[in-house]
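Some notes on the structure that comes next.
There are 2 protein chains.
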Amino acid sequence: MNIGDTNKDRTPTLADVARFAGVSTATVSRCLNSPDRVIEETRNKVLKAVRELGYAPNFNARALAAKRTNTIGAIIPTMENAIFARGLQAFQEELGRNGTTLLVASSSYQTDLEEEQIRTLVSRGADGLLLIGYRRDPKVYEFLHRQGVPVVAAWVFDPDADVPTVGFDNFLAMKMLAEKVISLGHRRIATITAATQGNDRASERLRGILAAMTEAGIPENDLSIIETTYGIDEGGVALEKLMTQQIRPSVVMCGNDVLAVGAIAKAKELGLNVPADLSVTGFDDIEIAKISSPPLTTVHVPHRRMGKEAARALLNMVGTTGGRTKILLETTLQIRESLAQHTD
Amino acid sequence: MNIGDTNKDRTPTLADVARFAGVSTATVSRCLNSPDRVIEETRNKVLKAVRELGYAPNFNARALAAKRTNTIGAIIPTMENAIFARGLQAFQEELGRNGTTLLVASSSYQTDLEEEQIRTLVSRGADGLLLIGYRRDPKVYEFLHRQGVPVVAAWVFDPDADVPTVGFDNFLAMKMLAEKVISLGHRRIATITAATQGNDRASERLRGILAAMTEAGIPENDLSIIETTYGIDEGGVALEKLMTQQIRPSVVMCGNDVLAVGAIAKAKELGLNVPADLSVTGFDDIEIAKISSPPLTTVHVPHRRMGKEAARALLNMVGTTGGRTKILLETTLQIRESLAQHTD
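Chain order of the listed sequences is S and Z. Counting from 1, one number per residue, gives the positions in the first sequence under the working numbering. Counting from 345, one number per residue, gives the positions in the second sequence under the working numbering.
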């Protein structure tokens with residue numbers, strides 16, 4: 001077969017590229033795998049053939065030229081609600097300014113699914129990866145290191161981590177909010193949280209509540225804990241459970257705003273006045289916190305800045321080895337009407 | 345260099361695979377590009393080498409075996425809010441049941457960014473693509489056809505489309521809601537919509553409102569239209585603009601629930617009672633519609649079913665040519681308190 005009878009609808013193969021460039025397939029392979037071992041003239045011929053033929057299935061022309069794909073992967077635990085949306089958008093915008101495309105996978109908070117997605121993104125040629133949280137099987141980081149794929153863990157700050165972390169102190173942020181709650185007279189505290197197993201953000205936040213309680217002399221065992229998946233409906237179901245307990249809480253501290261908004265809606269449905277009968281708090285300060293009725297007291301996380309800094313850290317690492325960026329961002333309390341003084 | 349001194353931290357190359365398998369790099373290339381041109385024994389040797397060395401950067405063992413990557417790409421207009429989340433989650437779950445990984449890109453409603461992402465996903469080896477909406481430059485579909493990458497367009501139903509569509513009738517769905525609105529006595533209608541240029545879902549919904557008005561004898565020019573980006577804050581800003589016009593609307597029909605929830609929050613801030621002073625409607629029936637205060641009248645879209653059907657249609661097309669699935673899903677009106685009889 002020669003170029004003349006190349007079917008326009010057929011995907012061009014490596015062999016087609018070799019034929020077009022007038023080189024062997026081995027030379028094309030070498031260009032793809034070790035461009036530095038091929039002289040520039042040959043590399044340019046192959047590059048031209050790749051462009052002309054629209055050779056694409058597994059490499060693109062840019063990757064061929066630079067041995068980079070200009071693709072970054074991110075794996076987030078969920079796309080079902082907006083908690084990662086704003087940070088990820090800022091992450092993507094910063095990548096875009098650097099000519100890099102973002103591909104995202106969503107792991108549904110499942111460790112094995114995340115590992116599968118990491119393998120897929122690496123095998124699809126991602127130049128680097130953004131992961132949410134740091135705590136995971138060390139083998140994952142070993143694999144990425146072996147593959148030469150840099151990784152940044154965001155939404156956490158861990159000074160001892162083996163990879164760069166760009167995030168905030170989940171423990172301290174929630175502890176500050178719990179201290180505020182306790183200072184308003186609340187002692188019957190409940191929390192609705194994501195499963196803490198394998199989720200360092202959730203477990204650190206829970207630890208923050210417990211630390212504030214201990215410091216205030218409230219027994220840790222007094223904390224009612226309900227674990228559920230993040231979701232508006234799930235927050236409502238959990239709230240209902242809490243309210244059928246013998247000792248009802250005066251405040252429900254939720255692991256994020258999505259759970260909190262669901263809890264508030266359910267509380268109203270049950271005839272409770274928020275915050276007169278029950279205070280509710282969130283975490284994240286996403287858009288729904290502001291328009292919640294009543295507006296939600298929460299922890300404000302600088303999502304956009306976090307996404308941008310994570311992108312910068314990761315781009316700096318691509319093509320280099322190591323990288324030890326650790327960026328700690330500040331969170332602030334956002335006090336709104338859903339939290340009130342406890343009076344009974 | 346021989347296997348003995350392979351640096352464990354170095355990414356294995358095609359040449360390493362060839363050496364390990366005891367074949368030439370050209371044979372490895374042939375295995376990767378035209379496995380059917382290589383005898384089984386050789387293919388198995390190469391496959392074993394790929395596995396042993398953890399050769400991954402651009403191909404994985406499964407792709408080598410089946411010439412498929414078991415990766416599907418999806419490009420959605422935004423991850424910033426939950427409007428695509430539920431459908432996409434169902435899409436991913438159905439792919440997962442078939443051992444296929446989903447990679448998602450978000451185009452921020454930008455045509456050129458979407459085209460870049462399509463090229464990236466194809467060059468990263470996606471077996472197929474999910475796109476939102478059908479209307480785009482025909483060159484995009486030509487490119488995908490040439491590359492042999494099947495595509496399904498969702499969130500729309502278009503019997504004349506050149507590719508399978510899995511979705512609903514945006515025009516009819518919004519027309520039904522507008523008819524309901526008009527039947528309640530509203531004649532001063534406003535709409536807050538996404539930019540309709542290049543967005544067939546938004547333009548069809550707008551056309552639905554206009555058609556219902558025309559049938560009811562209300563001049564099309566009476567419709568106040570504000571175009572904005574989807575977002576809670578953006579819905580609020582648009583509502584404020586509408587309320588400073590000389591002729592105030594009695595109902596604001598929003599292009600989606602996110603805009604509507606923002607419009608309601610702003611209306612309350614302006615001292616308006618919803619629905620006594622102003623009715624507001626949405627589109628999608630995502631979770632926030634139910635917990636909105638007052639709860640939101642909207643169009644219910646079967647997002648989960650749409651995602652699942654789109655995955656099935658796409659999986660059926662991978663490895664085959666053509667495919668002409670067209671699935672029309674039904675939408676229903678979800679009447680809640682944000683819409684009331686107009687009385688003045």
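The beta-carbon is built from N, C-alpha and C at its ideal position, and this holds for glycine as well. Note that the structure is predicted; figures quoted are calculated from it, not measured.
{"Check": "Among S:Ser107, S:Asp233, S:Phe91, S:Leu272, nearest to Thr77 (chain S) - alpha-carbon criterion", "Outcome": "Looking at the sequence shown, residue 77 (chain S) is not Thr but Pro. The residue with the shortest Cα to Cα distance from Pro77 (chain S) is S:Ser107."}
{"Check": "Thr193 (chain S) classed as buried or exposed, judged by whether at least 16 other C-beta atoms fall within 10 angstroms", "Outcome": "buried"}
{"Check": "Those runs of the alpha helix (DSSP H) which lie wholly inside the region 528-552 of chain Z and span at least 4 residues", "Outcome": "none"}
{"Check": "CB contact check: Asn543 (chain Z) to chain S, cutoff 7 Å", "Outcome": "no"}
{"Check": "Inter-residue Cα distance where the pair is Thr228 (chain S) and Asp360 (chain Z)", "Outcome": "47 Å"}
{"Check": "Where Asp233 (chain S) meets chain Z, residues with beta-carbon distance less than 8 Å", "Outcome": "Glu631"}
{"Check": "Chain S contacts from the region 440-461 of chain Z (Cβ-Cβ distance under 9 Å)", "Outcome": "Gly440, Thr445, Leu446, Leu447, Val448, Ala449, Ser450, Ser452, Leu457, Glu460, Gln461"}
{"Check": "Cβ of Ala655 (chain Z) within 7 Å of any chain S Cβ", "Outcome": "no"}
{"Check": "Own chain residues within Cβ distance below 6 Å of Thr641 (chain Z), not counting five before or after", "Outcome": "Thr625, Ile679, Arg680, Ser682, Leu683"}
{"Check": "Coarse secondary structure for Asp481 (chain Z), derived from DSSP in three states", "Outcome": "coil"}
{"Check": "Beta carbon proximity, Leu329 (chain S) to chain Z, threshold 7 Å", "Outcome": "no"}
{"Check": "Contact under 7 Å by Cβ, Ile671 (chain Z) with Val510 (chain Z)", "Outcome": "yes"}
{"Check": "Cβ contact (3+ pairs, closer than 8 Å) linking the region 561-572 of chain Z and the region 528-546 of chain Z", "Outcome": "yes"}
{"Check": "Uninterrupted beta strand (DSSP E) stretches inside the region 79-125 of chain S (no shorter than 3 residues)", "Outcome": "101-106"}
{"Check": "Residue range of the alpha helix (DSSP H) that includes His686 (chain Z)", "Outcome": "His686 (chain Z) -> no alpha helix (DSSP H), and no H or E assigned at all."}
{"Check": "Per-residue burial, Thr346 (chain S) [other beta carbons within 10 Å of its own, 16 or more giving buried]", "Outcome": "Not covered by the structure: residue 346 (chain S). The range shown for chain S is 1 to 344."}
{"Check": "Where Asp160 (chain S) falls: helix, strand or coil (DSSP)", "Outcome": "coil"}
{"Check": "From Z:Asp628, Z:Cys375, Z:Leu583, residue whose alpha carbon lies closest to that of Leu616 (chain Z)", "Outcome": "Z:Leu583"}
{"Check": "Beta-carbon gap between Pro593 (chain Z) and Arg532 (chain Z) smaller than 7 Å", "Outcome": "yes"}
{"Check": "Rounded Cβ spacing between His342 (chain S) and Gly133 (chain S) (contact assumed at less than 8 Å)", "Outcome": "In fact, because the Cβ distance is near 33 Å, the residues do not count as touching under 8 Å."}
{"Check": "C-alpha gap between Thr675 (chain Z) and Arg649 (chain Z), whole angstroms", "Outcome": "11 Å"}
{"Check": "Start-end ranges of the beta strand (DSSP E) lying completely within the region 274-327 of chain S, minimum 3 residues", "Outcome": "279-281, 298-300"}
{"Check": "Closer than 7 Å to chain Z by CB, Thr27 (chain S)", "Outcome": "no"}
{"Check": "Proximal residues of chain Z, C-beta to C-beta of Gly262 (chain S) below 9 Å", "Outcome": "Glu631, Ile635"}
{"Check": "Pairwise C-alpha distance: Glu94 (chain S) and Ala310 (chain S)", "Outcome": "9 Å"}
{"Check": "Interface flag, Met243 (chain S) vs chain Z, CB-CB below 7 Å", "Outcome": "no"}
{"Check": "Interface partners of Ser368 (chain Z) on chain S, CB under 9 Å", "Outcome": "Ala26"}
{"Check": "Contact list for Arg532 (chain Z) against chain S, beta-carbon separation under 8 Å", "Outcome": "By Cβ distance, chain S contributes nothing, its closest Cβ being about 25 Å from Arg532 (chain Z), past 8 Å."}
{"Check": "Cβ contact check for the region 282-294 of chain S and the region 207-216 of chain S: 3 or more pairs under 8 Å", "Outcome": "no"}
{"Check": "CB of Val595 (chain Z) within 7 Å of CB of Ser623 (chain Z), strictly", "Outcome": "yes"}
{"Check": "Chain S residues whose Cβ lies nearer than 8 Å to that of Arg668 (chain Z)", "Outcome": "Under the 8 Å cutoff, chain S gives no residues; its nearest Cβ is about 17 Å from Arg668 (chain Z)."}
{"Check": "Length of the line joining the Cα atoms of Val261 (chain S) and Leu465 (chain Z)", "Outcome": "36 Å"}
{"Check": "As assigned by DSSP and simplified to three states, the class of Leu272 (chain S)", "Outcome": "coil"}
{"Check": "Cβ neighbours of Gln461 (chain Z) in the same chain (closer than 7 Å, five flanking residues each side left out)", "Outcome": "Ile419, Ala449, Ser451"}
{"Check": "Three-state class that DSSP yields for Gln334 (chain S) in the structure shown", "Outcome": "strand"}
{"Check": "Contact under 7 Å by Cβ, Ala365 (chain Z) with Val390 (chain Z)", "Outcome": "yes"}
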